[in-house]
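>
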Amino acid sequence: MTTDATEATMPIADYLAQGGVLTAPGNVPPRYRAELLRTMSSFVDSELAASAGFADAINRAPGIKSRIAASRITLEKADHAERVLALMEAFGTDAQRYEDAHDWAARVDRDATLEAKRHGGDMRLSVFHYPLTGFTDAVVMNVLMGIASQHALGELARCSYQPLAEVLRDILPRERRHMELGLEGLERIGPTDEARASVAYWIPRVAETFGAAESDRFDRLRAMGLRHTDNETLRRAWRAEATEKLSALGFD
Amino acid sequence: MPRFHPLTVTDVRPETRDAVVVTLRPDPADADAFGFTQGQYLTFRRDFDGEELRRSYSICAGLDEGCLKVGIKRVDGGAFSTWANEALRPGDVLQAMPPQGRFHTPLDPARGRNYLGFAGGSGITPLLSIVKTVLTREPKSTFTLVYANRQLASIMFREELEDLKNTHLGRFSVIHVLESEAQEIDLFTGRVDAEKMEALFRLWIDAESVDTAFICGPEPMMLTIAESLRKHGLTDDQIKFELFASGQPGRAKRQAVAQDAARTGNACEVSVTLDGATRSFRMPKDGTAVLDAALENHMDAPYSCKAGVCSTCRAKVLEGEVEMITNHALEDYEIRAGYVLSCQCVPLSDKLVLSYDD
Chain A
1231 MTTDATEATM PIADYLAQGG VLTAPGNVPP RYRAELLRTM SSFVDSELAA
1281 SAGFADAINR APGIKSRIAA SRITLEKADH AERVLALMEA FGTDAQRYED
1331 AHDWAARVDR DATLEAKRHG GDMRLSVFHY PLTGFTDAVV MNVLMGIASQ
1381 HALGELARCS YQPLAEVLRD ILPRERRHME LGLEGLERIG PTDEARASVA
1431 YWIPRVAETF GAAESDRFDR LRAMGLRHTD NETLRRAWRA EATEKLSALG
1481 FD
Chain B
10 MPRFHPLTVT DVRPETRDAV VVTLRPDPAD ADAFGFTQGQ YLTFRRDFDG
60 EELRRSYSIC AGLDEGCLKV GIKRVDGGAF STWANEALRP GDVLQAMPPQ
110 GRFHTPLDPA RGRNYLGFAG GSGITPLLSI VKTVLTREPK STFTLVYANR
160 QLASIMFREE LEDLKNTHLG RFSVIHVLES EAQEIDLFTG RVDAEKMEAL
210 FRLWIDAESV DTAFICGPEP MMLTIAESLR KHGLTDDQIK FELFASGQPG
260 RAKRQAVAQD AARTGNACEV SVTLDGATRS FRMPKDGTAV LDAALENHMD
310 APYSCKAGVC STCRAKVLEG EVEMITNHAL EDYEIRAGYV LSCQCVPLSD
360 KLVLSYDD
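For the record, the sequence lines run as chains A and B. Per my numbering, the very first residue in the first sequence carries number 1231; after that it's consecutive. Per my numbering, the very first residue in the second sequence carries number 10; after that it's consecutive.
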């Protein structure tokens, strides 16, 4: 590889529009850089917030099996954040300070109404601003958000920044395992009133994480190859899968 | 954050008329930092007329050669590559960051894999490193290299590739495709386009047996090859890319000269360019950050940490003066080029022109 510019034979925008991939911080143009860092930040912040939120579930877990599952989810979500943060470091991010910049365990009131956008300083998805009320609630949230991640991260694993796509392809099966641990947990809990109430609480909040149906940002990201499938299509796919998996466990 | 270390040039060898191979030695204390993985690159920095340029060049040595080597092809108008080809001498010291890059797959001596490589011009450098490493570290694996060049004289590492072929008969094959020089077989003349790829798959390469394909070359070639590989059943996981292009211009632009606007009022006229559109607004000079003012004016400016740490909100000052409260993310050369962290940036002048697109 040589990054002397004049060797490039086509504009980078055309290259990306035709499905080309970028492979290093050195060949990323400014606007692409901004959107890519924003995407990676949102992932890192969401994973850190999810890990911090799930940490409480460890002590609320009934039995050793559930305790191990909750510990594993807490550990691996932090690990996933670290892997993507390492990619951000190559762009100049100070990883040490980044982790200290926000309180990842902070939550709003359970009844607060947040628009689907940023709140506070960090970039976590709005769903991670809501508190978990107990172990059952944590399991339900993990199932619904776990299914959503398969669609949302699956989409990003096709993105045009090869290093991120590769890391996400490694992460996806582990995130899937977290979702499956949740399903196993929910099967043990069963369709109780408490679990049903949690499902009703989380469904609209998880649905919002896919973003607005009409989005200028999506069009921009698609032109850069950072996105491919629109928000509404992903949301529909998630809803169908969530409905199917929940019905199988007796939730109708 | 990666830091620069000195590397001493121990050899500069002309490889073709317009390319040199530079051998480098780290200080003993930095030897570990410069341990590399096949296919990685080094980023160098150097001042040209007071402007710092950074350029990345792939390591062309294999893991078992016990040295660091990069191939540098001269590019028309390329400041760094021209200087390296004309003026670089043994004994010179270059500043380089430790090896980076992910253009590799993990090695496994026990496995017999079939690799396929495509190189265009100086795109051969990382592939040569991968080829040599695979041949020595994975004794059961094979490697087929398709190598595109304009003409015979511009082929880098031609002899070394021949030697490798002879040493590893049956395990390594190289197909030279020359754009403007007729060869005995038509297949090997012309550009690597969709048609040629079809012919290669029909006559020379069994797509089904390929474990991993590596591509390094100019953009159109990467697109064509990737499309063809996917058509023949390779998944994204099996295709590794390394791209040439640089986000930094060949010669760094001069920093915009700060306008000495009369500092009268306590407000600043700000003009912000984002996604090709420019918006203007007035903001108070009371310590408010430009990013916050832009967000208040309903601009979808990029940011994340808002603590001067992550560099998501990086923008370029084209006119005017600002002060950055904290900066943990931008390096000196970026600041000299006019970049700021907009979340930490307070206007000092009465007029400020800022762009997220530059």
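Ideal Cβ placement from N, Cα and C applies to all residues, glycine included. No experiment lies behind these values; they were computed from the predicted model shown.
What residue range does the alpha helix (DSSP H) around E168 (chain B) cover?
Per DSSP, E168 (chain B) belongs to the alpha helix (DSSP H) from R167 to T176.
> Would you mind working out which of B:C322, B:P311 and B:A302 sits nearest P356 (chain B), comparing C-alpha positions?
Checked all of B:C322, B:P311 and B:A302; the closest Cα to P356 (chain B) is B:A302.
> Report the three-state DSSP secondary structure of F152 (chain B) (helix, strand or coil).
Three-state result, F152 (chain B): strand.
> Taking the C-alpha atoms as reference points, what is the distance between K360 (chain B) and V326 (chain B)?
So the two alpha carbons sit approximately 11 Å from each other.
> Give the straight-line distance between the Cα atoms of L283 (chain B) and T1463 (chain A), rounded to the nearest whole angstrom.
Taking the straight line from one Cα to the other gives about 28 Å.
> Give the straight-line distance between the Cα atoms of N1372 (chain A) and V299 (chain B), rounded to the nearest whole angstrom.
Between N1372 (chain A) and V299 (chain B), the C-alpha separation is close to 38 Å.
> Under the three-state reduction of DSSP, which class applies to F1358 (chain A): helix, strand or coil?
Helix, per DSSP.
> When the Cα atoms are used, what is the spatial distance from D1367 (chain A) to A1331 (chain A)?
In a straight line, the C-alpha of D1367 (chain A) is about 28 Å away from that of A1331 (chain A).
> Does the beta-carbon of Y1328 (chain A), which I'm using as the reference point, lie nearer than 7 Å to any heavy atom of the ligand FMN?
No copy of the ligand FMN appears in this structure; indeed no ligand is present at all.
> Reducing DSSP to helix, strand and coil, say where M292 (chain B) ends up.
Three-state result, M292 (chain B): strand.
> Roughly how many angstroms separate the alpha carbons of Q1380 (chain A) and A1285 (chain A), rounded to a whole number?
The straight-line gap from Cα to Cα measures roughly 22 Å.
> If you measure between the beta carbons of G110 (chain B) and Q49 (chain B), is that distance less than 8 Å?
Contact flag set, yes.
> So, does the CB of P1434 (chain A) fall closer than 8 Å to a CB anywhere in chain B?
So no, P1434 (chain A) is outside the interface.
> Output the distance between the C-alpha atoms of F1365 (chain A) and I133 (chain B), rounded to the nearest integer angstrom.
For F1365 (chain A) and I133 (chain B), the distance between alpha carbons rounds to 55 Å.
> Quick one, which of B:G296, B:Y348 and B:M230 has its alpha-carbon nearest A157 (chain B)'s?
Of B:G296, B:Y348 and B:M230, the residue nearest in Cα terms is B:M230.
> Against T1253 (chain A), what residues of chain B qualify as contacts under a CB-to-CB distance less than 8 Å, listed in chain order?
Per Cβ cutoff of 8 Å: G110, R111, F112, F250, E251 and L252.
> My understanding is that Q160 (chain B) touches S189 (chain B), with C-beta atoms under 8 Å, so please give their C-beta distance in whole angstroms.
Indeed they touch by this definition, with Cβ atoms about 5 Å apart.
> For I234 (chain B), which residues of its own chain have a beta-carbon under 7 Å away from its beta-carbon, when the five flanking residues on both sides are left out?
Result list for I234 (chain B): F127, V201, M206 and I224, in chain order.
> Given P135 (chain B), which residues of its chain have a CB within under 6 Å of its CB, disregarding the five upstream and five downstream residues?
The answer, listed in chain order, is G48, S67, F112, C225 and E251.
> Determine the DSSP secondary structure at S1477 (chain A), reduced to helix, strand or coil.
Helix, per DSSP.
> Quick check: is the beta carbon of D202 (chain B) nearer than 8 Å to any beta carbon in chain A?
Not one chain A Cβ lies under 8 Å of D202 (chain B).
> Which chain B residues are close to F1321 (chain A), counting only those with a beta carbon under 7 Å from its beta carbon?
Those within 7 Å of F1321 (chain A) in chain B are S320.
> List the DSSP bridge partners of E251 (chain B).
Paired residue(s): B:C225.
> If the cut is a Cβ gap below 7 Å, which residues of chain B does Q1392 (chain A) touch?
By Cβ distance, chain B contributes F250.
> Is the shortest distance between the beta-carbon of A302 (chain B) and the beta-carbons of chain A less than 8 Å?
Chain A, which has no Cβ nearer than 8 Å to the Cβ of A302 (chain B), makes this no.
> Determine the chain A residues that contact E340 (chain B) at a beta-carbon separation under 9 Å, and present them in chain order.
The answer, in chain order, is G1322.
> Just the Cα atoms here: how many angstroms apart are Y1360 (chain A) and E332 (chain B)?
Roughly 37 Å between the two C-alpha positions.
> When the Cα atoms are used, what is the spatial distance from T321 (chain B) to V1370 (chain A)?
T321 (chain B) and V1370 (chain A): Cα-Cα distance of roughly 33 Å.
> With a threshold of 16 other CB atoms inside 10 Å of the CB of L212 (chain B), please say whether the residue is buried or exposed.
Burial call: exposed.
> Could you name the residues that DSSP lists as bridge partners for D56 (chain B)?
In DSSP, D56 (chain B) forms a bridge with B:E61.
> If contact is defined by three or more beta carbon pairs under 8 Å, each pair taking one atom from either stretch, is the segment 1401 to 1410 of chain A in contact with the segment 1435 to 1452 of chain A?
As far as the Cβ criterion goes, the segment 1435 to 1452 of chain A does not touch the segment 1401 to 1410 of chain A, which means the pair count is below three.
> Short of 6 Å in beta carbon distance, which residues of its chain neighbour F1440 (chain A), apart from the five on each side in sequence? Order them along the chain.
Around F1440 (chain A): N1461, L1464 and R1465.
> By the DSSP assignment, the alpha helix (DSSP H) with K141 (chain B) in it spans what residues?
Element bounds for K141 (chain B): I133 to R146.
> Which residues in chain A have a C-beta closer than 7 Å to the C-beta of D27 (chain B)? List them in chain order.
Per Cβ cutoff of 7 Å: no residues; D27 (chain B) is ~12 Å from chain A at best.
> List the whole-angstrom C-beta distance separating M1454 (chain A) from S1390 (chain A), where the pair is believed to meet the contact cut-off of C-beta under 8 Å.
Their Cβ separation, rounded to whole angstroms, is 6 Å, which keeps M1454 (chain A) and S1390 (chain A) in contact under 8 Å.
> Taking 8 Å as the cut-off, decide whether the C-beta atoms of L97 (chain B) and F43 (chain B) are in contact.
Cβ atoms of L97 (chain B) and F43 (chain B): not closer than 8 Å.
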